Amino acid sequence: MIDARGLRFAYPNGVVGLDGVDLRVQEGERVAVLGPNGAGKTTLMLHLNALLKGTGELTVAGTSDAKALRALVGLVFQDPDDQLFMPTVREDVAFGPLNQRVPDVEARVEKALRAVRMRDFADRAPHQLSLGQKRRVAIATVLAMDPKVLVLDEPSANLDPRTRRELIETLETIDRTLLVVSHDLPLAARLCERSVLLSAGRVVADGPTLELLADEPLLAAHDLELPEGFDLTRLLRTASPRSRPAASASGP
Amino acid sequence: MSSLRESGVVGDSAIHRLDPRAKLVGLLAVTVIAVSSAAWPVHAACAVALLLVAAAARIGPRVIVRRARLILLPVLLVALFARTAFPPVAAKATIGTVSAVLLGATTSFPDVLHALERLKVPRLLVLIAAFMYRYLFTIVDEVQRMRAALTARGYAPRHALQVQAIGRVATALFLRTYERAERVHLAMLARGFDERMPRLHAPAFRRADALFLTALAPLLAVRVVA
Numbered sequence: 001m002i003d004a005r006g007l008r009f010a011y012p013n014g015v016v017g018l019d020g021v022d023l024r025v026q027e028g029e030r031v032a033v034l035g036p037n038g039a040g041k042t043t044l045m046l047h048l049n050a051l052l053k054g055t056g057e058l059t060v061a062g063t064s065d066a067k068a069l070r071a072l073v074g075l076v077f078q079d080p081d082d083q084l085f086m087p088t089v090r091e092d093v094a095f096g097p098l099n100q101r102v103p104d105v106e107a108r109v110e111k112a113l114r115a116v117r118m119r120d121f122a123d124r125a126p127h128q129l130s131l132g133q134k135r136r137v138a139i140a141t142v143l144a145m146d147p148k149v150l151v152l153d154e155p156s157a158n159l160d161p162r163t164r165r166e167l168i169e170t171l172e173t174i175d176r177t178l179l180v181v182s183h184d185l186p187l188a189a190r191l192c193e194r195s196v197l198l199s200a201g202r203v204v205a206d207g208p209t210l211e212l213l214a215d216e217p218l219l220a221a222h223d224l225e226l227p228e229g230f231d232l233t234r235l236l237r238t239a240s241p242r243s244r245p246a247a248s249a250s251g252p
Numbered sequence: 001m002s003s004l005r006e007s008g009v010v011g012d013s014a015i016h017r018l019d020p021r022a023k024l025v026g027l028l029a030v031t032v033i034a035v036s037s038a039a040w041p042v043h044a045a046c047a048v049a050l051l052l053v054a055a056a057a058r059i060g061p062r063v064i065v066r067r068a069r070l071i072l073l074p075v076l077l078v079a080l081f082a083r084t085a086f087p088p089v090a091a092k093a094t095i096g097t098v099s100a101v102l103l104g105a106t107t108s109f110p111d112v113l114h115a116l117e118r119l120k121v122p123r124l125l126v127l128i129a130a131f132m133y134r135y136l137f138t139i140v141d142e143v144q145r146m147r148a149a150l151t152a153r154g155y156a157p158r159h160a161l162q163v164q165a166i167g168r169v170a171t172a173l174f175l176r177t178y179e180r181a182e183r184v185h186l187a188m189l190a191r192g193f194d195e196r197m198p199r200l201h202a203p204a205f206r207r208a209d210a211l212f213l214t215a216l217a218p219l220l221a222v223r224v225v226a
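As you go down the protein sequences, you meet chains Z and X in turn. Under the UniProt record's numbering, residue 252 is the last one in the first sequence; the count climbs by one each step, no gaps. Under the UniProt record's numbering, residue 226 is the last one in the second sequence; the count climbs by one each step, no gaps.
Rendered as structure tokens:
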């Protein structure tokens, strides 16, 4: 589905965002992209929509055309106030499908809002919503475009525990290729069977999430750690083996 | 900032459910007619028309006064300097303000935007107004957080020189807003934005809307005769 080879990108001020990223993601996989601040996670995400263009190769479902990429890959940005810019929730969710000129916009808006349990808020203005609600609507704005791949940037940032849990539950019901960019390791453990560890613009580890999170020295070397008292072995015991395509790892 | 929260639609009535274009055109016409004439019968007729609209929309005097005073007090203060011309200037100002208040109390801001767009107001202007409405609240929240941060560290300006902190806040706010604009633009591109603002559904102009505008037509006659 996603195929990146030797992806490199440097910002105009000389900061290196990506330093040769190789990543392959199969259809239906759920992959967490983990890494400390400044590792290049968001830069990678922007590449998936051709909002930034570096050197190297990047295709999604065989294409690298900007317009096609934006239809295939739905980005949910970290700050929902950036993502929700229309006067009402309904118009915001309709924005993508209207740009795609699909015929069944209304039905798509309904379906997307129902999927994130925000149907009753369709006629509210975004500024009247709580952060958790805004984030759910932000996901709906992308779901309405029916992308093949959903990419979320720090979906759990600044949420209280209950809102965070509800968001995870919502995400669990979404059946698509999922890329979660985060440094919330328990979230990755809960949602994704595979994780990719990004550090200083490179993929430094790629494998089953639970194995990767159990490797404390590796996490520590890249400024990541599990929350104090977090018991990974409990997750190991309760983890239900999902029948998804096996990860095809490709390290640096 | 409570004045900002004190906005939006109040109640529901036949007037509320009119096509926003009809309300925008109708109430704007009342204002233009009042402003273009100095004759008191015209002003009286306009006032009666606004009272009737308010009554039909069931907007009480309290709402109107509370909202109108924000604009009206400073305007009337300025009009005082006109001395002999005070009565007509004050009448024009009051009629214009009350028209705007009635529009605001019966029509949501997004609806006003749709109306402007459908009335072929330049798209760029409508877009600017839409973004201003959307981000006004976000920016006000940011200002309040910054002010709280200043106060928390003991900032209480006593003389003019200490005001420079405010300048820094303004700069920071400008930069933050600029960065946000860039991020919003990225988010728009990600969802296929191509310089055109798409529209979900267009309300139809119905008989009630035509009736509303026809009911206001006698004002025009008064203006011509007076």
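Quick reminder that beta carbons are idealized off the backbone N, C-alpha and C, glycines included. Quantities reported herein were computed from a predicted structural model and do not represent experimental measurements.
{"Query": "Under the three-state DSSP convention, the category P208 (chain Z) falls into", "Result": "strand"}
{"Query": "First through last residue of the alpha helix (DSSP H) which encompasses W60 (chain X)", "Result": "Reading the sequence as shown, one finds Gly at residue 60 (chain X) and not Trp. Looking at the DSSP string, G60 (chain X) is not in any alpha helix (DSSP H), and its letter there is neither H nor E."}
{"Query": "Beta-carbon neighbours of G192 (chain X), restricted to chain Z and to distances below 8 Å", "Result": "K67, R70, A71, G96, N99, Q100, M145"}
{"Query": "Exposed unless 16 or more other CB atoms sit within 10 angstroms - verdict on I59 (chain X)", "Result": "buried"}
{"Query": "4-residue-minimum alpha helix (DSSP H) runs that sit fully inside the stretch 25 to 77 of chain Z, ordered along the chain", "Result": "41 to 47, 66 to 72"}
{"Query": "Assumed close pair V105 (chain Z), A94 (chain Z) - CB separation to whole angstroms, cut-off 8 Å", "Result": "5 Å"}
{"Query": "Which of helix, strand or coil DSSP assigns to A115 (chain Z)", "Result": "helix"}
{"Query": "Option nearest H222 (chain Z) by Cα separation, candidates Z:G35, Z:A4, Z:P12", "Result": "Z:G35"}
{"Query": "Neighbourhood of A39 (chain X) by C-beta distance below 6 Å, restricted to the same chain and skipping five residues each side", "Result": "A226"}
{"Query": "Residues of its chain near L113 (chain X), where Cβ-Cβ distance is below 7 Å and the 5 sequence neighbours each way are ignored", "Result": "V126, A129, A130"}
{"Query": "Option in Z:D153, Z:R101, Z:I168 with minimal Cα separation from G74 (chain Z)", "Result": "Z:D153"}
{"Query": "Interface partners of F9 (chain Z) on chain X, CB under 9 Å", "Result": "The contacting residues do not exist; F9 (chain Z) stays about 15 Å from chain X at best."}
{"Query": "Residues near L178 (chain Z) in its chain [Cβ-Cβ closer than 6 Å; skip 5 each side]", "Result": "R30, L150"}
{"Query": "Per DSSP, cross-strand counterpart(s) of I2 (chain Z)", "Result": "Z:V25, Z:V60"}
{"Query": "Cβ pair L44 (chain Z), L210 (chain Z) closer than 8 Å", "Result": "no"}
{"Query": "A181 (chain X) vs L51 (chain Z) beta-carbon contact at 8 Å", "Result": "no"}
{"Query": "Chain X within 8 Å of T141 (chain Z), Cβ atoms only", "Result": "yes"}
{"Query": "Simplified DSSP assignment, three categories, for F137 (chain X)", "Result": "helix"}
{"Query": "Continuous alpha helix (DSSP H) stretch holding T171 (chain X): start and end", "Result": "164 to 190"}
{"Query": "Contacting positions in the stretch 131 to 153 of chain X - beta carbon closer than 9 Å to chain Z", "Result": "F131, Y133, R134, Y135, L136, F137, T138, D141"}
{"Query": "Residue span of the alpha helix (DSSP H) that contains T107 (chain X), given as start and end", "Result": "It is not in any alpha helix (DSSP H) - T107 (chain X) carries neither H nor E in the DSSP assignment."}
{"Query": "Close-in-space but distant-in-sequence residues of the same chain around D63 (chain X) (CB under 7 Å, 5 per side omitted)", "Result": "In the sequence as displayed, the identity of residue 63 (chain X) is Val instead of Asp. Result list for V63 (chain X): V10, A105, in chain order."}
{"Query": "Bridge-paired residues (DSSP) for R194 (chain Z)", "Result": "Z:V31, Z:P208"}
{"Query": "Reference K23 (chain X), options X:A34, X:V53, X:D12, X:A44, closest by Cα", "Result": "X:V53"}
{"Query": "Assigned secondary structure, S99 (chain X) (DSSP; H/G/I helix, E/B strand, else coil)", "Result": "helix"}
{"Query": "A85 (chain X) to V78 (chain X) span [Cα, whole Å]", "Result": "12 Å"}
{"Query": "V89 (chain Z), enclosing alpha helix (DSSP H) - first and last residue", "Result": "89 to 100"}
{"Query": "Whether G40 (chain Z) touches D22 (chain Z) by CB criterion (8 Å)", "Result": "no"}
{"Query": "Supposed contact pair L27 (chain X) and L102 (chain X) - C-beta distance, whole angstroms, cut 8 Å", "Result": "6 Å"}
{"Query": "Residues that DSSP places opposite S199 (chain Z) in a beta bridge", "Result": "Z:R202"}
{"Query": "Helix, strand or coil at R136 (chain Z) [DSSP, three-state]", "Result": "helix"}
{"Query": "Supposed close pair H47 (chain Z), F77 (chain Z) - CB separation, criterion 8 Å", "Result": "Rounded, the Cβ-Cβ distance is 14 Å, inconsistent with contact."}
{"Query": "Rounded C-alpha distance that separates R123 (chain X) from E117 (chain X)", "Result": "7 Å"}
{"Query": "Interface flag, P155 (chain Z) vs chain X, CB-CB below 8 Å", "Result": "no"}
{"Query": "Distance, R66 (chain X) Cα to I33 (chain X) Cα", "Result": "25 Å"}
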